[in-house]
Amino acid sequence: MKTKLLFPTFFFLFYSSCIFAQSLGWGSEITVANGSTYGDVRPRIAVTAGNIPVVLWGGGTGTEPLYVARWNGSGFNAPVMVTPMNVDPFIDTWAGADIAANGNNVFVAYKVQPEMTNNIYVVKSSDGGITWATPVQADMGIAPYDRFPSLAVDASGNPSLMFMTFDSTWGTPRYAVSSSTNGGLTFPMAIPVSTVGSSNVCDCCPGYMTIKGNYFAPAWRRNNSNIRDMWAAISSDGGMNYATGLDLDNTNWMLSSCPSSGPSPHLTSDSLVTAFMSGASGDNRVYINTRNYMNSGSGFTEMIDGSVPSAAIQNYPFIAGSGDTIAVVYQEALSGNIDVMYSYSNNGAHGLINNTGLVNNSTAGNQKNPHIVYAANTFHFVWVDDVSGNVMYKAGSIPTGIHEVEINSSLSVYPNPSNESIRIDLSSLNGGKGIVELFDLNGKIIKTEQVSGAKNLLIEKQIPGIYFVKLSSENNLLKTAKIVFY
């Protein structure tokens with residue numbers, strides 16, 4: 022496996038000043054469009070070629086269109102409509118249209134109201150969001166009714182549409198995915214994906230998906246006798262088959278009403294990292310979960326911020342990043358005020374925990390409905406300023422002098438993360454001699470051991486945290502891995 026870490030250009034490993042580069046370089050808060058003219062409902066953001074952000078939002082919850090605005094270098098161009106005249110797309114603060122991009126190909130998916138009689142459509146821009154083609158129907162479904170479209174785009178520019186389906190009585194809610202193979206010109210019959218969860222899905226909770234190479238991972242909230250836990254399906258063949266199901270949530274939140282909030286997934290080199298909201302603790306909190314999507318190995322589930330007062334209410338988390346460079350954004354209500362919070366890590370999911378900050382530090386009052394996307398060492402945030410009624414944008418860049426380096430992490434370690442001992446696979450030595458070194462985040466050597474002929478080496482449990490292990494040999498073999506004890 023390969024793990025992306027952040028290191029200075031003049032050194033390869035183990036400088037904590039780089040590993041802990043947890044601060045973003047913030048730009049200004051910028052108004053995307055005048056809300057009194059264009060509305061401000063549920064903004065979403067994608068990034069096109071040249072690291073140019075494109076923002077999508079709804080003009081209102083009535084018969085209002087969807088708008089898109091593209092960055093021009095100093096601000097956003099005048100919004101353009103992406104829905105045809107007299108079309109009423111469903112959009113609200115908790116669910117609605119979605120946007121995704123690869124290069125200059127941008128896709129918007131939306132459901133036309135009324136839901137009982139209309140379909141889901143995808144509209145494409147081939148010039149980075151400047152002009153838009155005629156929408157195409159995309160819900161070639163397995164059931165008569167559907168809702169909650171969401172999008173992901175693969176590296177070839179082919180969009181996949183995830184949506185919820187229902188039977189003729191609006192029962193038996195399931196999730197399905199239709200993956201276009203011709204750049205979004207047409208969409209084939211959708212494939213059921215939530216059957217691996219062995220239960221109905223939560224019928225009022227949007228689902229989202231992520232793609233990395235040939236791995237596709239749609240995620241949703243399940244409803245198993247009112248236990249509202251999170252699940253994902255894994256396809257390793259480009260969305261053709263979804264044979265593996267992963268339980269992402271051990272909080273066991275039991276709720277008879279609808280939480281109207283779903284999971285946001287992200288794929289690293291070997292882990293599915295998911296952000297979601299659960300009220301199992303008695304308070305609505307954002308959690309982070311990790312699972313190994315290659316071997317279904319377990320990871321951890323933990324609150325993103327365990328220090329907030331009980332009165333705080335967190336919701337609507339979204340995650341974005343590349344490899345182990347990850348950020349999560351969500352809204353947090355406390356003392357009658359709603360803020361947009363974030364957590365950023367350049368060393369994987371564990372770095373997100375208890376490492377939160379404020380996005381909207383220039384705007385006061387209720388700030389809500391955030392979304393996030395990542396490209397070219399920059400996280401792009403959008404949200405609604407409830408005071409002005411405007412959609413707001415802000416960029417947070419990874420500090421200069423730091424860049425992503427692919428670390429050769431083909432050294433097999435298991436289980437990882439672990440709250441027990443971890444075994445190091447030494448089979449690559451082929452019976453020869455080698456040295457295993459364990460480092461902490463400060464580069465201090467915790468353990469050194471000469472090895473020969475053994476198939477594996479046991480590393481005893483350490484104080485919870487992130488460590489690095491290096492295997493070297495007399496034949497110039499060098500393998501490294503990041504390991505986590507919790």
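In the working numbering, the protein residues as written are 22 to 507. Think of the CB as a built atom: it goes at the ideal place given N, C-alpha and C, for glycine as much as any other residue.
With a threshold of 16 other beta carbon atoms within 10 Å, Glu470 falls short and is exposed. When DSSP reads this structure, Ala122 sits in a beta bridge with Val127. Counting along the chain, no alpha helix (DSSP H) covers Gly417; the unbroken beta strand (DSSP E) around it starts and ends at Asn411 to Ser418. Its Cα nearest to that of Thr216, the residue Arg242 stands out among Lys233, Gly300, Arg242 and Ser200. Measuring C-alpha to C-alpha distances from Phe237 to each of Thr190, Asn244, Leu182 and Phe321 identifies Leu182 as the nearest. If you draw a straight line from the Cα of Val307 to the Cα of His371, it is about 14 Å long. For Ser277, no alpha helix (DSSP H) segment is defined, and its DSSP state is neither H nor E.
Collapsing the DSSP output to three states places Tyr363 in a strand. Under a 10 Å Cβ-count criterion, Ala385 is classified as exposed, with fewer than 16 other Cβ atoms of the shown protein chains found around its own Cβ. Of all alpha-carbon atoms in Asn247, Trp191, Ala253 and Cys223, the one lying nearest the alpha-carbon of Val214 is that of Ala253. Nearest Cα to Lys476 within the set Ala90, Ile445 and Leu459: Ile445.
Runs of the beta strand (DSSP E) lying entirely within the segment 330 to 375, each at least 3 residues long, are 334 to 343, 346 to 355 and 358 to 366 in chain order. Non-local C-beta neighbours of Ile212 in its own chain, meaning closer than 7 Å and more than five positions away in sequence, comprise Ala197, Val198 and Tyr263, ordered along the chain.
When DSSP states are grouped into helix, strand and coil, Thr152 belongs to the coil group.
Rounded to the nearest angstrom, the Cβ distance from Pro100 to Val143 is 19 Å, too far for a contact under 8 Å. Cβ neighbours of Ala301 within its own chain (closer than 7 Å, five residues either side excluded): Thr272, Asn273 and Trp274. Apart from sequence neighbours up to five positions away, the residues of its chain that approach Gly474 with a beta-carbon distance below 6 Å are Gly452, ordered along the chain. The alpha-carbon separation between Gly149 and Leu87 amounts to approximately 17 Å. As computed with DSSP, Ile73 is found in a beta bridge with Thr69. Going by C-alpha positions, Trp153 is about 23 Å away from Phe402.
With a contact defined as Cβ atoms closer than 8 Å, Pro64 and Val405 qualify at about 6 Å. Under the three-state reduction of DSSP output, Gly486 falls in the strand class. Cα atoms of Ile66 and Trp92: separation of roughly 11 Å, rounded to the nearest angstrom. Where Thr231 is concerned, there is no enclosing alpha helix (DSSP H), although the beta strand (DSSP E) around it starts and stops at Tyr229 to Lys233.
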